[in-house]
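Enquirer:
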Amino acid sequence: MRVTRTSLIIRPDCTRVFFRPLQMRSRERLLRLLARLLALEEADAQREAERILEDFCHRHRDLPRYLERVWDAVSHEMPTDEPLSPARRLLIAAYLTQEYSMEAAALFNPSIVPHPDQSALPEGALRFILSLRAVGEGHISSLVFRTGRIEADGR
């Protein structure tokens, strides 16, 4: 296949995000955060939990379940044995979660190969896989992949 350089520019997409656990530097810092969240009035905790779901559910599949897993991982650190409402558990888990944009800083080093599935394409078209090196927040480097299609006329 003949390849021709085009004016197409692949730009980082800062909306491509995922969650990762927020690493607290010390147990004391974690306990101070938990104490502040436990001191909130229940109505305030409920309102904040609802706001978090409203702001982030459209960007993340099954956010409540993810936050429940975070809660399960940190619940043993709680400075109280009192049962907590689902809203307060969600809020605590959200405070211990970081949304990370893997393409926030840059995309470079593209590489393109034919996709293994070339079915259901028009005559002369080619489906491809594009790999890129992505640099996100904190300049952490990752590999990202995209798929695309080149038509027979080169578009």
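Here the sequence shown is numbered in my numbering, starting from 8 and rising by one per residue.
Note that the Cβ used here is the ideal one computed from N, Cα and C, for glycine as well.
What is the DSSP secondary structure of Pro90, reduced to helix, strand or coil?
Expert: Numbered from its first residue, the sequence shown carries residue 90 at position 83. Looking at Pro90 - three-state DSSP - the assignment turns out to be coil, as it is neither helix nor strand.
Enquirer: Quick check: the region 80 to 90 against the region 117 to 125, are there 3 or more CB pairs under 8 Å?
Expert: Not touching, per the Cβ criterion.
Enquirer: So the beta strand (DSSP E) Pro121 belongs to, where does it begin and stop?
Expert: Indexing the sequence shown from 1 puts residue 121 at position 114. Residues Ala113 to Pro121.
Enquirer: For Ala100, does the count of other Cβ atoms within 10 angstroms reach 16, so buried, or fall short, so exposed?
Expert: Here residue 100 is taken as the residue at index 93 of the sequence shown, counted from 1. Its Cβ being crowded by 16 or more others within 10 Å, Ala100 is buried.
Enquirer: What does DSSP give as the partner residues of Ser149 in its beta bridges?
Expert: Taking the first residue of the sequence shown as position 1, residue 149 is located at position 142. According to DSSP, Ser149 bridges with Ala141.
Enquirer: Going by the DSSP bridge assignment, what does Tyr107 pair with across the sheet?
Expert: By one-based count along the sequence shown, residue 107 stands at place 100. Tyr107 pairs with Phe25.
Enquirer: Check whether the Cβ atoms of Leu133 and Val151 lie closer than 9 Å to each other.
Expert: Residue 133 sits at position 126 when you count from the first residue of the sequence shown. Residue 151 sits at position 144 when you count from the first residue of the sequence shown. Going by C-beta atoms, Leu133 is not nearer than 9 Å to Val151.
Enquirer: Do you know how far the Cα of Pro19 is from the Cα of Gln53?
Expert: Here residue 53 is taken as the residue at index 46 of the sequence shown, counted from 1. Here residue 19 is taken as the residue at index 12 of the sequence shown, counted from 1. So the alpha carbons of these two residues sit roughly 35 Å apart.
Enquirer: Whose C-beta lies closer than 8 Å to the C-beta of Phe135 among residues of the same chain, with five residues either side of it excluded?
Expert: Here the question's residue 135 lines up with position 128 in the sequence shown. Closer than 8 Å at the Cβ level, and outside the excluded window around Phe135, lie Ile119, Val120, Pro121, His122, Thr154, Gly155, Arg156 and Ile157.
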